[in-house]
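Sequence positions in the sequence shown follow our numbering and run 840 to 982.
All residues carry an ideal CB built from backbone N, CA and C; glycine is no exception.
Values in this document were obtained by computation on a predicted structure and should not be read as measured data.
Structure first, then comments.
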Amino acid sequence: MSLCQWAEEDWNVLLYAIRKGKCILMLGPETATADVDGQSQLLFHILTNQLTQDMDPKYKAHIDPDNLLEAAQYYCLQPGHDKIGLQLKIQAFYTRQRAASPGPLHRDLAALPFSLAILSTPDEMFEIALKEPGDERLFAVAK
């Protein structure tokens, strides 16, 4: 069910479950952002752009700018690029992003009493928000 179609009762049930700590948070790549030229952009869009930046135009024309998987596949087709080079480039990208502080979304979510958080993104913004001063809860993060 799309969030925009939720009835008021659905929202009330969700809020109640969160307050009682009976809710699991799932964060995907659409939650991690960084400022680029004063505008907030999704990290996976920034990475997609970096992967395609110097790409042969015959390949670049076929890539959906919102599709990181597609960009990664075409990146590996470029001369001198391979799967290991791709992994190193992605690792370097997210290592640089780890220095970024979490935004309001991550801080607000970290303040809520979720019983479990499942992260499907390699950034550490939510983890950093969890460790900010004043939070005495215990956390375990699986990588």
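- For residue 889, no beta strand (DSSP E) run applies; the uninterrupted alpha helix (DSSP H) run containing it begins and ends at 882–891, by DSSP.
- Judged by their CB atoms, residue 948 and residue 863 are not nearer to each other than the 7 Å cut-off.
- Sequence-distant Cβ neighbours of residue 907 in its own chain, meaning closer than 7 Å and more than five residues away, are 883, 886 and 887.
- Below 8 Å, too few C-beta pairs join the stretch 893–904 and the stretch 922–939 to call them touching: fewer than three.
- The beta-carbon separation of residue 965 and residue 941, rounded to 7 Å, stays under the 8 Å limit for a contact.
- The three-state secondary structure of residue 902, taken from DSSP, is coil.
- When DSSP states are grouped into helix, strand and coil, residue 947 belongs to the helix group.
- Between the alpha carbons of residue 928 and residue 855 lies a gap of roughly 42 Å.
- In the DSSP assignment, residue 872 falls within the unbroken beta strand (DSSP E) covering 872–875.
- In this structure, DSSP gives residue 956 an extended state, which the three-state scheme calls strand.
- DSSP places residue 865 in the uninterrupted beta strand (DSSP E) bounded by 863–866.
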